[in-house]
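These notes are about the structure you will find just below.
Residue numbers (the numbering used here), protein chains in the order written: chain C, 459 to 608; chain U, 200 to 324; chain E, 154 to 322.
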């Protein structure tokens, strides 16, 4: 699909926009609908759009598979780390109150960091799942059907 | 029976039964997974419509709004949607592997491939 | 319901995407902004693209079903009638006096801003009051990624021919 001019132009316009919107939703989850899951899914969708237009090797050159493995674990570990930080500073697990002095700021900081961990994990896991499926298509020597455009 | 007060639940039950029929009556595995997703989405509609207050609005604190819809079902359904996509992804991966191991994803052909009749219908050993 | 009947799985996937998008619009009407965003992104985006990716790996058309599957239809009808009868006991739609709005929800609606300082009540509950459940959910999606990786990282064996080519009758 790289040669299709219309798709390429629109993709070039849309993909950065979608990624920026995903970041906006990630960090404005406190004030508007959004949060970690939505942002992670949208970021992964932007990457999948890139792969659909430019092919899987180009997509994997941008975000390699090792990065996906590492990031998916890193997000969950960040979540656990924030939780354990609450324990280390004298509270319960996932208690945000001992993180900072002002209770509102502590809760907001804890929520932003935790949602960031969630977003990173969700985005990388969805990209990983798509890579697994897409690579299977390249290796499989069977009957193929067109089904990749939407 | 208060029919008009429950019309949202009627819609939910109809969608749920459509998804349920797709899961049990169709042999193709991908269609079963699609039916499962339809079922899941109808359950989400059930919860969200139970949490709505007529005259309320989205549960985000802002000026000029007194009545908010119930935020608790939203939290539950948010988690449920993500778990649903996880289940769908694993189910589709299983379907791909079954296809490669046995040559088809239709129920009747799989039954024949698993207890082989006289002619060899599987090509893998 | 056309999703069930249509044999072309690509069309079924597209109809499923339309269904997801319509339910996301329904969620917006029902005042669920976060859920609508998630359902639109996940249902109409990710689920559809995964189904399409699987369709490139398997057959695009499902086998023709000769008759209506009567046992399944009877089970579905009986379950549907039981559910419709049970549903009439549920409280009616949208009433502010419903029991679901009485006990825990007013606490969250009133206290989430004084406790947390976060206007989005859904995010406050999800990542603040009930953060442990969200932790479990992150682990679930991570496990799903792990499961897909472990299933699909085995190299497929090359197959010479397909045994179900001649079964169309």
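Beta carbons: idealized from backbone N, C-alpha and C, even for Gly. Note that this is a predicted model, so its numbers are computed, not measured.
Asked: Taking 8 Å as the threshold (beta carbon to beta carbon), is residue 294 of chain U in contact with chain C?; Found: no
Asked: Using CA atoms only, rank isn't needed, just tell me which of U/236, U/263, U/283 and U/297 is closest to residue 290 of chain E.; Found: U/283
Asked: Starting from residue 534 of chain C and walking both ways along the alpha helix (DSSP H), at which residues does that stretch end?; Found: 523-546
Asked: For residue 501 of chain C, collect the residues of the same chain with a Cβ closer than 7 Å to its Cβ; drop the 5 residues on either side in sequence, then sort them by chain order.; Found: 477, 480 and 581
Asked: Please list, in chain order, the chain U residues whose beta carbon lies closer than 9 Å to that of residue 233 of chain E.; Found: 212, 213, 215, 216 and 219
Asked: Drop a sphere of 10 angstroms on the beta-carbon of residue 224 of chain E, count the other beta-carbons inside from all chains shown, and report buried for 16 or more, exposed for fewer.; Found: exposed
Asked: At a Cβ threshold of 8 Å, is residue 191 of chain E touching chain U?; Found: yes
Asked: Measuring only the C-alpha atoms, how far is residue 526 of chain C from residue 532 of chain C?; Found: 10 Å
Asked: Is the beta carbon of residue 184 of chain E less than 8 Å from the beta carbon of residue 275 of chain E?; Found: no
Asked: Express the C-alpha separation of residue 235 of chain U and residue 320 of chain E in angstroms, rounding to a whole number.; Found: With a pLDDT of 40 at residue 320 of chain E, under the threshold of 50, the modelled position of this residue cannot be trusted; read the value that follows with caution. Answer to the nearest angstrom: the Cα atoms are 27 Å apart.
Asked: Tell me the rounded alpha-carbon separation between residue 593 of chain C and residue 571 of chain C.; Found: 33 Å
Asked: Which term fits residue 231 of chain U, buried or exposed, when burial requires 16 or more other beta carbons within 10 angstroms of its beta carbon?; Found: buried
Asked: Closer than 7 Å, Cβ to Cβ, to anything on chain U: give me those residues from the stretch 257-286 of chain E, in chain order.; Found: 257, 258, 261, 262, 266, 272, 273, 274, 275, 278, 279, 283 and 286
Asked: Report the residue from C/557, C/585 and C/491 whose alpha carbon sits nearest the alpha carbon of residue 279 of chain E.; Found: C/491
Asked: Who are the Cβ neighbours of residue 270 of chain U in its own chain at under 7 Å, not counting the five residues just before and after it?; Found: 258
Asked: Does residue 456 of chain C have its Cβ less than 8 Å from a Cβ in chain U?; Found: Nothing about residue 456 of chain C can be read from this structure; chain C reaches only from 459 to 608.
Asked: For residue 259 of chain U, which residues does DSSP report across the bridge?; Found: E/273
Asked: Using a Cβ-Cβ cutoff of 8 Å, what residues of the stretch 461-490 of chain C are near chain U? List them in chain order.; Found: 489 and 490
Asked: Under three-state DSSP, which class holds residue 554 of chain C?; Found: coil
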